[in-house]
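A quick write-up on the structure given underneath.
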Amino acid sequence: MRIVMIGTGYVGLVSGVCFSEFGFDVTCVDVDEKKIERLNAGEVPIFEPGLDALMQRNTAGGRLAFTTDLATAAGEADVVFVAVGTPSRRGDGEADLTYVEAAARQIAAAIRPGTVVVIKSTVVVGTCRRVRDIIRAARPDLDFSIASNPEFLREGAAIEDFMRPNRVICGVDDERAEQMLRRLYRPLYLRETPMVMTTLENAELIKYAANAFLAMKITFINEVSDLCEKVGGNVQEVARGIGLDHRIGGKFLHAGPGYGGSCFPKDTKAFASTGRRHEAPQTLIEQVIAVNDNRKRAMAERILAELGDGAKGATVGILGIAFKPNTDDVRDAPSLEIIPMLQAKGVSVRAHDPEARETASPLLPGITWCESAYEAADGADILVILTEWNEYRVLDFAEVTARMKGRTLMDLRAIYKDDDMAGTGLRYVPVGRKPVEG
Ligand code: UDX
Numbered sequence: 076m077r078i079v080m081i082g083t084g085y086v087g088l089v090s091g092v093c094f095s096e097f098g099f100d101v102t103c104v105d106v107d108e109k110k111i112e113r114l115n116a117g118e119v120p121i122f123e124p125g126l127d128a129l130m131q132r133n134t135a136g137g138r139l140a141f142t143t144d145l146a147t148a149a150g151e152a153d154v155v156f157v158a159v160g161t162p163s164r165r166g167d168g169e170a171d172l173t174y175v176e177a178a179a180r181q182i183a184a185a186i187r188p189g190t191v192v193v194i195k196s197t198v199v200v201g202t203c204r205r206v207r208d209i210i211r212a213a214r215p216d217l218d219f220s221i222a223s224n225p226e227f228l229r230e231g232a233a234i235e236d237f238m239r240p241n242r243v244i245c246g247v248d249d250e251r252a253e254q255m256l257r258r259l260y261r262p263l264y265l266r267e268t269p270m271v272m273t274t275l276e277n278a279e280l281i282k283y284a285a286n287a288f289l290a291m292k293i294t295f296i297n298e299v300s301d302l303c304e305k306v307g308g309n310v311q312e313v314a315r316g317i318g319l320d321h322r323i324g325g326k327f328l329h330a331g332p333g334y335g336g337s338c339f340p341k342d343t344k345a346f347a348s349t350g351r352r353h354e355a356p357q358t359l360i361e362q363v364i365a366v367n368d369n370r371k372r373a374m375a376e377r378i379l380a381e382l383g384d385g386a387k388g389a390t391v392g393i394l395g396i397a398f399k400p401n402t403d404d405v406r407d408a409p410s411l412e413i414i415p416m417l418q419a420k421g422v423s424v425r426a427h428d429p430e431a432r433e434t435a436s437p438l439l440p441g442i443t444w445c446e447s448a449y450e451a452a453d454g455a456d457i458l459v460i461l462t463e464w465n466e467y468r469v470l471d472f473a474e475v476t477a478r479m480k481g482r483t484l485m486d487l488r489a490i491y492k493d494d495d496m497a498g499t500g501l502r503y504v505p506v507g508r509k510p511v512e513g
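In our numbering, the protein residues as written are 76 to 513.
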C-alpha cells in the first residue's frame, strides 16, 4: 500500500509520519524545496512532542520519504491525501481553496486508474465534489475515487490524537474508497475506535460543526467567567459542576483569554460564511466569533486598567506567547492582540515563551525577549500569565517578587489556587474569580 501525502504542514506531516508508523509506505510531498531538504536531513520543521522520534524511526525503516516531485509520487500511489492549507480568504472569511484546487489539477495529471483521492484539508461543504469534477474534467476516462477524511488533531497532542482518536470520520461515495479507508485505519480496530462512514457532505460538515461547537463551549465559559468575577463566583467550580453532567461534559470549559490557533478562528469564520452563503445563518457562531474577538481586546484593557494612570512608561512581563502550551504556533494567539494594545499605551513589554520566540519575534516588534519567566519579571509592574505552560505552574514566588517592581500577578488562565498565594506578598488577579492579596 503506497500513500502519498500532499502538503507537509502540520496536518500532513503528522498524518504522514503516523501512517508510516502504522507500517504503510508513505511519501510526503511539498512544493517548498527547503522544507523537503530539511525533512530529508531529519529535521522536523514544527514543534510537536514525539514527532522527531517517529520520523527518524520510519525514515530509517524505509517507510517514510520526502519529495517535491508530486507527479512521480502520485503516479505510484494507491491513495493520495490532500493536506494543503486552506487559509481564511480576505474579506468574507471563507476557506481559500486555491491550494486544494491546484493540488487537484496536479493529481489529475499524475494518478493511475484505481487511485483513491482523500481530502484531509479542512474544506467547506461541497469541496470534495468540486475536486472530483476538476479531476474528471482533466481525465474524463480515468477511474478513481474521492473521499473526505477530516482530522481532529490538537497541536501538542497530535500524535496521541492520531493514534488514539475518539473517532475517525470518513466521507465516501463508493465501495472502493470505503474499503481503502477501513484498511488504512485497521491498526485502530484493536482499540475499537468508532469509524463513522458517511457521505462526503456530512464528513465536511462534521469537521466544521465540531470545531464551531468547541469554540462555542469555550466562549460560553468565558462569559460565565466574567459574571463569576462580578458576583463572587469561581468559574472553575461552576465549570466542574456543570461538566459532571454527561450531556455537557467537562472538557473545553477552561476560561481564558479567548481561543486562538490555526483552527478555531479560521474554521468558525468559514462556517459562519458558508451559513450566510446558503441562507442558513449560523447566528450562534457569528456571535461566538464577535465575543471571542472582543475578549482578547478586553484582556488588554484589563491589564491597562490594573496599571491605571501609570500605563505610560510601565513595564509588563508576559509569560506565554504561543496560543496554547506545547507548541510554537502563534497563529491568532491572544498575545498578538494584547501586546500591541499595551505598547500603544506606552507600556514596555518583556516576554518569555519556552518555544514561540522564533515564530513570534517578527510579529511582535519592540518587545524584550527573556530567557526565563524570572527574567520577564525583572522590573515588571505587572506579571501576566497568558499561556499555561507547565513551567509557569511552579513559579518560585519569592524570586518573582524579588525581581518585580510591582506586586500584581494577573493570571489569564487561572492556574493557581488562592491558597498558593498565601504569604507571597503578591496581589493575584485570576480570570473567573475575585482577586486575592497574598
Ligand atoms: C483544535 C481542535 O481541538 C482540533 O480537534 C482541531 O483539529 C484543530 O483545532 P488546537 O487548535 O490545536 O486544536 O488546540 P485546542 O487545544 O483545541 O485549543 C484551541 C484554543 O482554545 C487555544 O487557544 C486554547 O487555549 C483555547 N482553549 C481550549 C480554551 O481557552 N479553553 C479550553 O477549555 C480549551
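Quick reminder that beta carbons are idealized off the backbone N, C-alpha and C, glycines included.
Buried or exposed: where does residue 264 fall if 16 or more other Cβ atoms within 10 Å of its Cβ makes it buried? exposed
Around the ligand UDX, what residues have a beta-carbon under 5 Å from a heavy atom of it, in chain order? 227, 229, 230, 293, 327, 329, 331, 334, 335, 336, 338, 398 and 399
Collapsed DSSP secondary structure at residue 385 in the structure displayed: helix
Please state whether DSSP places residue 145 in a helix, a strand or coil. helix
Alpha carbon to alpha carbon, how far is residue 86 from residue 257? Give it in angstroms, no decimals. 20 Å
Can you find the residues in the same chain that come closer than 6 Å, C-beta to C-beta, to residue 465, ignoring five residues on each side of it along the sequence? none
Give the secondary structure of residue 512 by DSSP, where H, G and I count as helix, E and B as strand, and everything else as coil. strand
Determine which residues share a DSSP beta bridge with residue 444 and list them. 426
Separation of residue 293 from residue 327, as counted between CA atoms: 6 Å
Using the Cβ count rule (16 or more neighbours within 10 Å means buried), how would you classify residue 357? buried
Can you tell me where the alpha helix (DSSP H) holding residue 413 begins and where it ends? 409–419
Quick check on residue 156: does DSSP put it in helix, strand or coil? strand
Can you list, in chain order, the residues of its chain whose CB lies under 6 Å from that of residue 260, leaving out five sequence neighbours each side? 243
Go ahead and pull the three-state DSSP assignment for residue 283. helix
Among 229, 225 and 233, which one has its Cα closest to the Cα of residue 246? 225
Run through the region 460–502 for me and flag every whole alpha helix (DSSP H) of 4 or more residues, listed as ranges in chain order. 472–478
Compare the beta carbon distance of residue 163 and residue 345 with 8 Å and say whether it is the shorter of the two. yes
By Cβ distance, which residues of its chain are closer than 6 Å to residue 273, with the 5 residues on each side in sequence left out? 246
State the Cα-Cα distance for the pair residue 191 and residue 94, rounded to the nearest angstrom. 16 Å
Endpoints, beta strand (DSSP E) assigned at residue 77: 77–81
For residue 156 versus residue 79, is the C-beta distance shorter than 8 Å? yes
Which ranges would you report for the alpha helix (DSSP H) in the region 185–226 if only whole runs of at least 4 residues count? 202–213
What does a CB cutoff of less than 6 Å around residue 115 pick up in its chain, not counting 5 residues either side in sequence? 141
By Cβ distance below 8 Å, which residues in the same chain neighbour residue 476 in space, the five residues on each side in sequence not counted? 482, 499, 500 and 501
Should residue 515 be labelled buried (16 or more other beta-carbon atoms within 10 Å of its own) or exposed? Nothing in the structure corresponds to residue 515, since the chain is present only between 76 and 513.
Three-way DSSP call (helix, strand, coil) for residue 139 in this model: strand
For residue 270, which residues does DSSP report across the bridge? 243
Could you tell me the boundaries of the beta strand (DSSP E) in which residue 100 lies? 100–104
Cα separation between residue 320 and residue 308? 19 Å
Per DSSP, cross-strand counterpart(s) of residue 392: 425 and 458
Is it right to say residue 254 is buried, meaning 16 or more other beta carbons lie within 10 angstroms of its own, or is it exposed? exposed
Please list the segments of the alpha helix (DSSP H) lying wholly inside the region 292–322, counting only runs of 4 or more residues, in order along the chain. 310–318
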